[in-house]
Amino acid sequence: MHHKRLIWQLYPSQLLITIIALLAAAGYGAYSLRAFQLAQTGAGLEARAHLTQEHVLSLLAAKDPAALQTFCTSAGKRSGTRLTVIATTGEVLADSDENPGRMENHAGRPEIIAALAGHPAPSLRFSHTLQENMMYVAIPLVQNGKARGVLRTAIPVTFIDSALREIFLKIVWGCLIVALVVALVAWFIAQRISRPLEEMRLGAERFAGGAFTAKLREEGAEEVASLARAMNTMADQLDTRIKTIARQHSQLQAVFSSMVEGVITVDTEERILDINQAGARLLNITPEKIRGKSALVTVRNLALQRFISQTLASAKPIEGEIDLTGPDGQEKYFYAHGTRFQDASEMTSGAIVVINDVTNLRRLENMRRDFVANVSHELKTPITS
16 MHHKRLIWQL YPSQLLITII ALLAAAGYGA YSLRAFQLAQ TGAGLEARAH LTQEHVLSLL
76 AAKDPAALQT FCTSAGKRSG TRLTVIATTG EVLADSDENP GRMENHAGRP EIIAALAGHP
136 APSLRFSHTL QENMMYVAIP LVQNGKARGV LRTAIPVTFI DSALREIFLK IVWGCLIVAL
196 VVALVAWFIA QRISRPLEEM RLGAERFAGG AFTAKLREEG AEEVASLARA MNTMADQLDT
256 RIKTIARQHS QLQAVFSSMV EGVITVDTEE RILDINQAGA RLLNITPEKI RGKSALVTVR
316 NLALQRFISQ TLASAKPIEG EIDLTGPDGQ EKYFYAHGTR FQDASEMTSG AIVVINDVTN
376 LRRLENMRRD FVANVSHELK TPITS
């Protein structure tokens with residue numbers, strides 16, 4: 016299974032989070048700025064409407080449409096604002112930019128409805144007359160407690176969108192620069208985190224290869240230094256234990272090799288794990304050729320095979336004699352002692368069999384028995400005769 020390096024797990028996520036955060040901040044900033052600009056524009060339009068409200072009321076009272084149109088045209092040019100006077104029925108009475116006679120009824124326009132309801136509110140929409148986006152604000156024209164009409168002010172908001180677009184582009188460029196700086200910083204931080212871990216990985220591989228003297232540097236962050244310190248301590252302990260095991264193994268091998276008795280160790284499957292030189296000599300086999308092989312195949316003696324099986328099956332040590340015919344055709348006699356051994360979980364993992372050549376003792380015993388029998392016979396013969 017392929018695993019990505021730590022730096023490629025940390026760096027992209029940090030960079031992605033930064034970019035998302037910057038884009039969210041830029042979007043929210045642009046949205047807030049546009050809302051603020053529109054609110055300021057709406058407040059300005061309402062203020063302009065209130066400044067001309069009294070004069071428009073006087074012209075309405077005079078019932079002079081021409082003078083009202085002339086005022087709207089001149090005031091609109093001076094202020095850069097479109098002025099429209101609408102009757103309560105929705106009929107357009109005067110407009111600074113268009114001929115009011117050709118304009119449709121405005122009774123259903125949102126800003127007109129809001130003004131007549133006493134709650135002036137800005138309205139944003141596309142003007143089919145001027146073919147551009149406009150903001151409209153209308154206020155009621157009230158005289159003697161009675162609504163005489165509505166005064167509407169309007170201004171294109173294209174310039175606002177253009178200005179906001181430029182500001183947004185500047186924000187985006189600023190975010191890109193910040194993202195680049197953050198990317199460099201995040202790369203540096205990710206490298207600082209991953210470099211010590213990479214050194215520890217290489218150190219662990221050296222420890223695995225047996226190079227326990229090549230210690231890790233205990234520097235950097237406290238967590239990293241503590242981990243390096245723990246690994247160095249582990250390396251020292253492993254070095255000590257391996258040397259102890261090697262020394263004990265060497266001592267055991269020395270004892271194993273110097274024993275005059277034959278020693279055979281087998282696993283639970285009766286495969287030969289090891290045999291000393293004395294055992295190989297007694298059984299007339301080559302140690303290197305039989306290790307790892309089944310005793311049933313390598314030891315061609317039914318009595319010894321049976322003794323090994325009994326040792327593995329017995330919870331207590333067992334003893335017995337084994338007869339074996341050598342390659343020279345002479346019969347040999349062995350005294351065997353077997354016991355099984357267990358692993359750390361107290362499960363039987365094998366057995367050890369110690370065999371001792373008692374052929375000479377058996378022959379001496381036979382000679383003694385024959386001698387006693389002969390002497391007894393000779394002693395009895397004169398007496399009976």
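Sequential numbering from 16 applies to the sequence shown in my numbering.
Think of the CB as a built atom: it goes at the ideal place given N, C-alpha and C, for glycine as much as any other residue.
Checklist entry - Between residue 333 and residue 325, which are expected to be in contact by the criterion C-beta below 8 Å, what is the C-beta distance as a whole number of angstroms? => result Residue 333 to residue 325, Cβ: 6 Å. Contact.
Checklist entry - Looking at the unbroken beta strand (DSSP E) that takes in residue 148, where does it start and where does it end? => result Following the DSSP letters along the chain, one finds residue 148 inside the beta strand (DSSP E) bounded by residues 147-158.
Item to check | Residue closest to residue 214, alpha-carbon to alpha-carbon, out of 147, 202 and 242 | outcome: Answer by Cα proximity: 242.
Next on the checklist: Just to confirm the assignment, what range does the alpha helix (DSSP H) spanning residue 185 have?
Outcome noted: It spans 173-223 - the alpha helix (DSSP H) in which residue 185 sits, taken as one unbroken run.
Item to check | Same chain only: Cβ atoms within 8 Å of residue 249, ignoring 5 sequence neighbours per side | outcome: So the qualifying residues of the chain are 222.
Next on the checklist: Measuring straight from C-alpha to C-alpha, what distance separates residue 123 and residue 105?
Outcome noted: Pairing residue 123 with residue 105, the inter-Cα distance amounts to about 8 Å.
Next on the checklist: Measuring alpha carbon to alpha carbon, tell me which residue in 365, 350 and 30 is nearest residue 374.
Outcome noted: Closest in C-alpha terms to residue 374, from the list 365, 350 and 30, comes 350.
Checklist entry - Between residue 121 and residue 199, what straight-line distance do the alpha-carbon atoms span, to the nearest angstrom? => result Straight through space, the alpha carbons of residue 199 and residue 121 are spaced by roughly 59 Å.
Item to check | Limits of the beta strand (DSSP E) - the one that residue 294 falls within | outcome: If you look at residue 294, you'll find it isn't in any beta strand (DSSP E); it sits in the alpha helix (DSSP H) that goes 292-298.
Next on the checklist: Here's the rule I'm using: 16 or more other beta-carbon atoms within 10 Å means buried, otherwise exposed. How should residue 151 be labelled?
Outcome noted: Around the C-beta of residue 151, 16 or more other C-beta atoms lie within 10 Å, and the residue is accordingly described as buried.
Item to check | Residue of 179, 207, 111 and 73 minimising C-alpha distance to residue 94 | outcome: The residue with the shortest Cα to Cα distance from residue 94 is 111.
Checklist entry - Going along the chain, which residues of its own chain have a beta-carbon closer than 7 Å to the beta-carbon of residue 68, five neighbours each way excluded? => result Around residue 68: 154, 156 and 166.
Checklist entry - Can at least three beta-carbon pairs, one atom from the stretch 162-181 and one from the stretch 39-55, be found at a separation below 8 Å? => result Enough Cβ pairs lie closer than 8 Å, so yes.
Checklist entry - Using DSSP with H/G/I as helix, E/B as strand and the rest coil, what is residue 372? => result In this structure, residue 372 counts as strand in the three-state DSSP scheme.
Next on the checklist: Can you tell me where the beta strand (DSSP E) holding residue 285 begins and where it ends?
Outcome noted: Element bounds for residue 285: n/a, residue is neither H nor E.
Checklist entry - Taking the alpha-carbon positions, what's the residue 164 to residue 146 distance? => result In a straight line, the C-alpha of residue 164 is about 26 Å away from that of residue 146.
Item to check | Anticipated Cβ contact below 8 Å, residue 34 with residue 194, distance rounded | outcome: With a Cβ gap of about 5 Å, residue 34 and residue 194 count as contacting.
Item to check | Through-space distance from residue 271 to residue 367, alpha-carbon basis | outcome: Approximately 12 Å, taken between the alpha carbons.
Next on the checklist: Taking the alpha-carbon of residue 133 as reference, which of 355, 161 and 99 has the nearest alpha-carbon?
Outcome noted: The shortest Cα separation from residue 133 among 355, 161 and 99 belongs to 161.
Checklist entry - So what does residue 365 bridge to, in DSSP terms? => result Per DSSP, the beta-bridge partners of residue 365 are 282 and 356.
Next on the checklist: Whole angstroms are fine: how far does the CA of residue 262 sit from the CA of residue 283?
Outcome noted: For residue 283 and residue 262, the distance between alpha carbons rounds to 27 Å.
Checklist entry - residue 277: buried (16+ other C-beta within 10 angstroms of its C-beta) or exposed? => result With a 10 Å radius around the Cβ and a threshold of 16 neighbouring Cβ atoms, residue 277 comes out buried.
Item to check | Spatial neighbours of residue 179 in its chain, beta-carbon cut-off 6 Å, leaving aside the 5 residues before and after | outcome: Result list for residue 179: 49, in chain order.
Item to check | Reference residue 116, options 101, 130, 266 and 211, closest by Cα | outcome: Nearest of 101, 130, 266 and 211 to residue 116, Cα basis: 101.
Checklist entry - Thinking C-alpha only, which one of 235, 237, 238 and 219 is nearest residue 229? => result Selected option, being the one with the closest Cα: 219.
Item to check | Local Cβ density within 10 Å of residue 27, reported as buried at 16 or more and exposed below that | outcome: Around the beta carbon of residue 27, fewer than 16 other beta carbons lie within 10 angstroms, which makes this residue exposed.
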